[in-house]
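Per my numbering, the very first residue in the sequence shown carries number 8; after that it's consecutive.
Beta carbons are placed, not taken as given, at the ideal position from N, Cα and C, and that holds for glycine.
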Amino acid sequence: MTTPSSSPDRYAKSRALFERAQHSVAGGVNSGIRKMEAPVPLYFSHGRGSRLYDVDGNEYIDFQIGQGAILYGHAPEGMADAIAAQARKGLHWAAQSELEIEVAERLQAMIPSAERVRFNSSATEVVLAAFRLARAHTGKPLILKFEGHYHGWGDEGLVGFAPPPDQWGTEDEPSQLHPSAGVIKEVLEQFVVARWNDIPHLHKRVAQFHGRIAAIVFEPCCCNTSCMEPVPGMLEAIRELCNAEGALMIADETITGFRFGAGGAQQFYGVKPDLTILGKAIGGGVPFAALAGREALFSTITSGKVVHAGTLNGNPLCLAASKWCLDEILRVGSDHPKSVKNLGVLLMEGLRSLADKYGIPLRPQGPGLVFHTTMLKPGASEGTIAEYRDYARRHDAPRWAHLRRCLLDEGVRAIERGLWFISLAVSRADILEALQRAEVAFARHAREWKHV
Ligand SMILES: Cc1ncc(COP(=O)(O)O)c(C=O)c1O
8 MTTPSSSPDR YAKSRALFER AQHSVAGGVN SGIRKMEAPV PLYFSHGRGS
58 RLYDVDGNEY IDFQIGQGAI LYGHAPEGMA DAIAAQARKG LHWAAQSELE
108 IEVAERLQAM IPSAERVRFN SSATEVVLAA FRLARAHTGK PLILKFEGHY
158 HGWGDEGLVG FAPPPDQWGT EDEPSQLHPS AGVIKEVLEQ FVVARWNDIP
208 HLHKRVAQFH GRIAAIVFEP CCCNTSCMEP VPGMLEAIRE LCNAEGALMI
258 ADETITGFRF GAGGAQQFYG VKPDLTILGK AIGGGVPFAA LAGREALFST
308 ITSGKVVHAG TLNGNPLCLA ASKWCLDEIL RVGSDHPKSV KNLGVLLMEG
358 LRSLADKYGI PLRPQGPGLV FHTTMLKPGA SEGTIAEYRD YARRHDAPRW
408 AHLRRCLLDE GVRAIERGLW FISLAVSRAD ILEALQRAEV AFARHAREWK
458 HV
């Protein structure tokens, strides 16, 4: 049962557990971003389908879905059975199994660029493998990446992600900034940062480092900042520049993979990268990720020239889970991603209508399969946000945080930074119920915000 939103102690048990955790878990959480959840990082007891339940008994229609990993909803029966059956046969062999071929063959059949694959346990690791492989294959040192695009929490993946305005660098030459201390400056020097969705700027950036770029890496739809889809010609420009430079085109499909359809964003937008990074939905909530790409590119790995390793790579438990996930995508067939997209669009339009009704400057943006809600600052212009700096200038983070808290209190869970994921377990009835709940939250936000 859901605790009434007026209850003062709605999150009492989560608060108590978070307090207890301070004495054993550093900072009380195991991933920095989780600390952002207000009013307190929540503790969950169980989930089923579209719903998630916290230890206080509050029920949420969940649009956070494990940061996008749980594309199949919470605790699908078939997946639980597949994992349990494998667990009885063996958890980990650090060796080969037929399962890994079965998963690899499914990926080959689904993803246009997947001639060969290698497995890891997280997309962060796969990003490192992709960059190493690109440098070894091309003999060039630099990786070009875009502001606002997230490629895992490693030293290399985070360069240029969400820099503060006073350290942006110029429009022409974005700085190579890393949000973490402890990263040596030589790592930053291996990156060229460009602004997203500015094709002439990208051409100039590549020309500036002509002959030294090993790869261009990107989120095909930049879900990690405001869900910015590529402007027409952007992905084609990356492809052409990579061809001209002899650089590799690396699509980071950690979020878009399987969500945008069986063939991911590369099929959705019609581009063919050289390498593809897959994470999240490939494992549906278990630690599983893959590097996919052209056969010839893997020769540096197969020859042993490039080291690729990992104790838990190709772990049978994760493979059993992944096989179930991929079969689920194939089972849904041509309905996917259409139905997810339609439901996402219904939610986006409903949120936009509520925003208009209550005079809240909230603007949903994205392809529906995933979307972002930007809260416009007073006086900020309308219109699509196409690059990170534009987002940083226009988004009113404190005001969004207040609305997000109101939504949480009504049992609608979006990601703290404004991202919403639709799972295959969500129905039209779930969306309509979420919008009913959201209306109460929007009304409260409209009442309270001016007093905050
Ligand atoms: C686009 C993208 N790449 C890479 C990663 C890293 O994935 P993981 O946290 O599984 O290592 C993420 C995680 O959110 C991501 O969104």
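By the beta-carbon neighbour count (other beta carbons within 10 angstroms, threshold 16), residue 343 is buried.
By the criterion of a C-beta distance shorter than 7 Å, residue 451 is surrounded in its chain by 413, once the five residues flanking it on both sides are discounted. Here DSSP, grouped into helix, strand and coil, assigns residue 152 to strand.
Within the DSSP secondary-structure output, residue 222 pairs in a beta bridge with 150, 255. Looking at the DSSP output, residue 176 sits in a beta bridge with 181. Beta-bridge partners assigned by DSSP to residue 199: 151.
Per the C-alpha coordinates, the member of 323, 374, 335, 248 positioned closest to residue 275 is 374. Each residue's CA atom was taken as its position, placing residue 169 and residue 383 some 18 Å apart. In terms of side-chain proximity, the C-beta atom of residue 230 is found nearer than 8 Å to a non-hydrogen atom of ligand 1. For residue 309, the CB stays at least 8 Å from every heavy atom of ligand 1.
Residue pairing by DSSP puts residue 66 in a beta bridge opposite 60.
Residue 87 has its alpha-carbon roughly 12 Å from the corresponding atom of residue 55.
The straight-line gap separating the alpha-carbon atoms of residue 278 and residue 63 is approximately 46 Å. For residue 160, the shortest separation between its Cβ and any heavy atom of ligand 1 lies below 8 Å. Ligand 1 never approaches residue 152 closely enough for any of its heavy atoms to be under 8 Å from the residue's Cβ.
Residue 370 carries a strand assignment under DSSP once its states are collapsed to helix, strand and coil.
Relative to ligand 1, the beta carbon of residue 179 is positioned no closer than 8 Å to any heavy atom.
Judged by pairs of C-beta atoms under 8 Å, the segment 332–341 touches the segment 113–123, as three or more such pairs exist. In the three-state DSSP reduction, residue 47 falls in the coil class, being neither helix nor strand.
Distances from the CA of residue 457 to each of 394, 415, 421, 366 were compared; the closest alpha carbon is that of 366. A direct Cα-to-Cα measurement between residue 315 and residue 89 gives close to 28 Å. For the pair of segments examined, the segment 408–428 was found not to touch the segment 385–396: the number of CB pairs separated by less than 8 Å stays below three. Contact between the segment 294–302 and the segment 119–129 is established, with three or more Cβ pairs separated by less than 8 Å. Secondary structure note for residue 379: its beta strand (DSSP E) is the uninterrupted segment 377–382. Burial is judged here by how many other beta carbons sit within 10 angstroms of a residue's own beta carbon; residue 240 has fewer than 16 and is exposed. Rounded to whole angstroms, residue 305 and residue 70 show a C-alpha spacing of 36 Å.
Sequence-distant partners of residue 159 (beyond 5 residues in either direction) whose C-beta falls short of 6 Å from its own C-beta, in its chain, are 130, 131, 134.
Short note on residue 287: C-beta closer than 8 Å to some heavy atom of ligand 1. Short note on residue 29: C-beta not closer than 8 Å to any heavy atom of ligand 1.
Annotation for residue 166 indicates a beta carbon at 8 Å or more from all heavy atoms of ligand 1. Closer than 8 Å to some heavy atom of ligand 1: that does not describe the Cβ of residue 375.
Every unbroken stretch of the beta strand (DSSP E) spanning 3 or more residues and falling wholly within the segment 233–301 is given here in chain order: 255–259, 282–285, 296–300.
Each residue's CA atom was taken as its position, placing residue 47 and residue 83 some 28 Å apart. The C-alpha of residue 311 is placed about 50 Å away from the C-alpha of residue 22.
The DSSP-derived three-state label of residue 100 is coil. In the structure shown, the three-state DSSP call for residue 17 is coil.
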